[in-house]
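Asker: The structure follows.
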Amino acid sequence: MAKIILTTDVDHLGGPGDIVEVKDGYARNYLLPRGYAIPSSKGAEKNIRTIRRAQEARRVRDLDHAKELKTQLEGMGHIAVAAKASEGSKKLFGSVTTADIVGAIKAAGGPLLDKRVIHVDGHIKTVGKHAVTARLHPDVKADVKLDVQPK
Numbered sequence: 001m002a003k004i005i006l007t008t009d010v011d012h013l014g015g016p017g018d019i020v021e022v023k024d025g026y027a028r029n030y031l032l033p034r035g036y037a038i039p040s041s042k043g044a045e046k047n048i049r050t051i052r053r054a055q056e057a058r059r060v061r062d063l064d065h066a067k068e069l070k071t072q073l074e075g076m077g078h079i080a081v082a083a084k085a086s087e088g089s090k091k092l093f094g095s096v097t098t099a100d101i102v103g104a105i106k107a108a109g110g111p112l113l114d115k116r117v118i119h120v121d122g123h124i125k126t127v128g129k130h131a132v133t134a135r136l137h138p139d140v141k142a143d144v145k146l147d148v149q150p151k
């Protein structure tokens with residue numbers, strides 16, 4: 001059995017900062033290579049506080065906090081997202097990711113969110129106005145309006 005420290009949420013195992021014991025192969029072949037966990041050591045255990053503090057800043061605490069974030073997000077209007085695009089057409093080189101959207105929300109003065117709360121229907125591959133959903137709580141969803149602009 002291997003003792004590891006989780007860095008992200010892992011289904012049926014735990015959350016960031018949790019120290020768990022798993023089978024050696026699961027840790028060596030799945031969790032560690034993907035960055036979901038780090039090997040447990042005295043130095044790593046000291047970093048648990050930092051991991052938990054960073055996760056706590058992005059976490060939605062309760063229903064009231066989720067409603068407050070929804071009001072804040074929907075009151076921001078269209079959020080500008082810059083992406084590389086071809087000159088003659090409206091097509092993007094690649095697509096707009098959830099990390100890009102979270103960064104644009106933060107840059108526009110919005111709250112710091114975890115990229116996993118943002119849900120995009122399909123891929124955003126064109127310049128223009130788009131809508132995405134932020135699932136802040138099982139009962140609270142916020143509609144976020146994006147204005148994708150060429151860089």
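According to UniProt numbering, the residues represented by the sequence shown are 1 to 151, in order.
The C-beta atom is built at its ideal place from N, Cα and C for all residues, glycine as well.
Being a predicted model, the structure only gives us computed values, none of them experimental.
1) Which same chain residues, not among the five before or five after K141, have their C-beta less than 8 angstroms away from its C-beta?
2) Compare the Cα-Cα distances from I19 to each of G110, N29, A2 and V144 and report the closest residue.
3) For the alpha helix (DSSP H) holding T98, just list the boundary residues, first then last.
4) Under 8 angstroms Cβ to Cβ from R52, same chain only, skipping five residues before and after it: list those, please.
5) What's the call for T50, buried or exposed, on a 16-neighbour Cβ count within 10 Å?
6) If you follow the alpha helix (DSSP H) that H65 is in, where does it begin and where does it stop?
7) Report yes if the CB atom of I4 is closer than 9 angstroms to the CB atom of I38, and no otherwise.
8) Which residues in the same chain as A44 place their Cβ atom closer than 7 angstroms to its Cβ, once the five residues preceding and following it in sequence are excluded?
9) Can you tell me which of V144, Y30 and E87 puts its alpha carbon nearest to the alpha carbon of K106?
10) Helix, strand or coil, according to DSSP, for T8 in the structure here?
11) For N29 and G75, what's the separation of their Cα atoms in angstroms?
12) Using only CA atoms, which one of A85, K91 and V96 lies nearest to G122?
13) Taking the continuous beta strand (DSSP E) assigned at E21, which residues delimit it?
14) Given this structure, state the Cα-to-Cα distance separating G109 from D24, to the nearest angstrom.
15) Helix, strand or coil for K91? Go by DSSP, reduced to three states.
Answerer: This is what the structure holds:
1) K70, T133, A134 and R135
2) A2
3) T98 to A107
4) P16 and G17
5) exposed
6) L63 to E74
7) yes
8) I5 and I38
9) V144
10) coil
11) 45 angstroms
12) V96
13) I19 to V22
14) 44 angstroms
15) strand
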